[in-house]
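Below is one structure, written out as structure tokens; the observations come after it.
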């Protein structure tokens, strides 16, 4: 038996709450609003009741509030039962492994600042796609500033093909880039490719595994190329290799929304002579004697055009980040946190179909590489191959 609080209002509050309780034959009961008597359980007994109701023979792994309501329907009660039920469900391993995937972003959108043309390139591979002249892959590189794209088709893409492409299409035409952003393909993580970048002092940055959206510029260019090829080919899918160069020409001479400029003019200082102007007496043809002065004027204005394009690009990125970041729910993992990792086709349990778990068994965050990118180790302390983005992880409660 306890003592009545000395404080007047605390005693009054206790008296009001005690009106719902009654003792019968030495047992304490709580009277419900429907005038039914509910058994009052101690915390130790409550844990057993929660386990049996949640995952026992009649359990259905319901959520915390539903679990508390279900227990009340069995005429069982203890004070503050909703919060313990929610905490119990939160730590249920089966509920965590089969929890639905949240598609809300977990990290703030980070924009990529580029100060001058051909400073920063992104590289990716499209394919495999239906063969055309025995070629099924397209290697694509895009400049972050001008949106200029270089691409070639291949039957197979090996590390020496990537090195040759960079030397021929990038270095020999536009100079040494400051940074190249790639995916996690074997061609991009090979020692030979790393040696090439180290020899020319090119910084190499890889997007995280299972999260290609981090290399957003590459994904955008790939989508434009695939969409353009589909519209050009119609029913002649095997001719896409012949259409690739023409598609690139069209891409380079189309204004980009982010800069409101054409890639060709930002790269070469003036507009390209397009096929639709053939046979039309334009200013370039009629003023050939003054063409040298016109070129000088265009080159004098080029610096201003680049500055305006850079300003618009920054404004565009800031507006996109502001819209994207409204839905962000940050995870803020720290070292030693336990996390679950999303399952994929090659990591799912075999022969289970839709009954397989959505999240894999717990891992430990061993290192924060940069914002939203983590190194993991297993519970046994073994390092997990490659880096992982926060969107593929979920906090594990135990």
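In the UniProt record's numbering, the protein residues as written are 1 to 398. Every residue gets a Cβ at the ideal spot worked out from N, C-alpha and C, and that includes glycine. Note that the structure is predicted; figures quoted are calculated from it, not measured.
Applying the 10 Å Cβ sphere with the 16-neighbour rule, what's the burial state of residue i?
i, result
"residue 132", "buried"
"residue 85", "buried"
"residue 150", "buried"
"residue 147", "buried"
"residue 215", "buried"
"residue 275", "exposed"
"residue 231", "exposed"
"residue 385", "exposed"
"residue 350", "exposed"
"residue 251", "buried"
"residue 273", "exposed"
"residue 64", "buried"
"residue 42", "exposed"
"residue 116", "exposed"
"residue 26", "exposed"
"residue 32", "exposed"
"residue 258", "buried"
"residue 236", "exposed"
"residue 353", "exposed"
"residue 92", "buried"
"residue 142", "buried"
"residue 238", "exposed"
"residue 47", "exposed"
"residue 473", "Outside the modelled stretch of the chain, which goes from 1 to 398, sits residue 473, for which no answer is possible."
"residue 96", "buried"
"residue 49", "buried"
"residue 391", "buried"
"residue 181", "buried"
"residue 389", "buried"
"residue 101", "exposed"
Specify, as a first and last residue, the run of the beta strand (DSSP E) that residue i falls within.
i, result
"residue 78", "No beta strand (DSSP E) holds residue 78; DSSP gives it neither H nor E."
"residue 124", "120 to 126"
"residue 151", "149 to 154"
"residue 181", "179 to 182"
"residue 363", "363 to 370"
"residue 143", "137 to 143"
"residue 396", "No beta strand (DSSP E) holds residue 396; DSSP gives it neither H nor E."
"residue 244", "First-last for residue 244: 240 to 252, but that is the alpha helix (DSSP H), not the beta strand (DSSP E)."
Rounded to whole angstroms, how far is the Cβ of residue i from the Cβ of residue j, which I believe are closer than 8 Å?
i, j, result
"residue 243", "residue 233", "7 Å"
"residue 374", "residue 355", "Incorrect: roughly 29 Å between the Cβ atoms, too far for contact."
"residue 339", "residue 365", "6 Å"
"residue 21", "residue 28", "6 Å"
"residue 89", "residue 67", "6 Å"
"residue 222", "residue 140", "6 Å"
"residue 329", "residue 17", "Contact doesn't hold; Cβ gap of about 37 Å is too wide."
"residue 217", "residue 316", "With 8 Å as the limit, residue 217 and residue 316 do not qualify as a contact, their Cβ atoms being about 13 Å apart."
"residue 57", "residue 359", "25 Å between Cβ atoms; not a contact."
At which residues does the alpha helix (DSSP H) containing residue i begin and terminate?
i, result
"residue 375", "Premise fails: residue 375 lies in the beta strand (DSSP E), 373 to 378, not in any alpha helix (DSSP H)."
"residue 109", "Segment: none, residue 109 is in no alpha helix (DSSP H) and carries neither H nor E."
"residue 49", "43 to 55"
"residue 225", "216 to 233"
"residue 39", "Run containing residue 39: none in the alpha helix (DSSP H); it sits in the beta strand (DSSP E), 37 to 40."
"residue 22", "Taken as a continuous stretch (DSSP letters only), residue 22 belongs to no alpha helix (DSSP H), being part of the beta strand (DSSP E) at 21 to 24."
"residue 162", "159 to 165"
"residue 191", "191 to 199"
"residue 15", "8 to 18"
"residue 67", "64 to 73"
"residue 188", "Run containing residue 188: none; DSSP gives neither H nor E here."
"residue 405", "The displayed coordinates of the chain run from 1 to 398. Any statement about residue 405 would go beyond what the structure contains."
For residue i, collect the residues of the same chain with a Cβ closer than 6 Å to its Cβ; drop the 5 residues on either side in sequence, then sort them by chain order.
i, result
"residue 72", "none"
"residue 176", "200"
"residue 260", "312"
"residue 271", "265"
So, at 8 Å on beta carbons, what are the nonlocal neighbours of residue i in its own chain, with the 5 sequence-adjacent residues on each side left out?
i, result
"residue 379", "361, 362, 363 and 364"
"residue 256", "147, 262 and 263"
"residue 241", "132, 133, 135 and 153"
"residue 178", "119, 120, 202 and 203"
"residue 94", "55 and 61"
"residue 82", "64, 65 and 68"
"residue 304", "none"
"residue 367", "335, 374 and 375"
Between residue i and the rest of its own chain, which residues show a CB-CB distance below 7 Å, the 5 nearest in sequence each way excluded?
i, result
"residue 11", "4 and 5"
"residue 248", "149 and 151"
"residue 128", "136 and 137"
Does the stretch 99 to 119 come close enough to the stretch 323 to 330 to have 3 or more Cβ pairs within less than 8 Å?
Touching, yes, given that three or more Cβ pairs across the two stretches are closer than 8 Å.
Within 8 Å, do at least three Cβ pairs link the stretch 71 to 78 to the stretch 47 to 54?
Yes, they touch.
Given 8 Å, three or more beta-carbon pairs between the stretch 185 to 199 and the stretch 158 to 174:
In the pairwise beta carbon analysis, the stretch 185 to 199 is classified as touching the stretch 158 to 174: at least three pairs are separated by under 8 Å.
Under 8 Å: do the stretch 333 to 343 and the stretch 377 to 397 share three or more Cβ pairs, one atom per stretch?
Touching, per the Cβ criterion.
Pair every Cβ in the stretch 340 to 351 with every Cβ in the stretch 309 to 323, then say whether three or more of these pairs are closer than 8 Å.
With a cut-off of 8 Å on Cβ pairs, the stretch 340 to 351 is not in contact with the stretch 309 to 323, counting fewer than three such pairs.
Should the stretch 121 to 128 be regarded as contacting the stretch 179 to 187, the criterion being three or more beta carbon pairs within less than 8 Å?
Taking a cut-off of 8 Å on C-beta distances, the stretch 121 to 128 touches the stretch 179 to 187, as three or more cross pairs fall below it.
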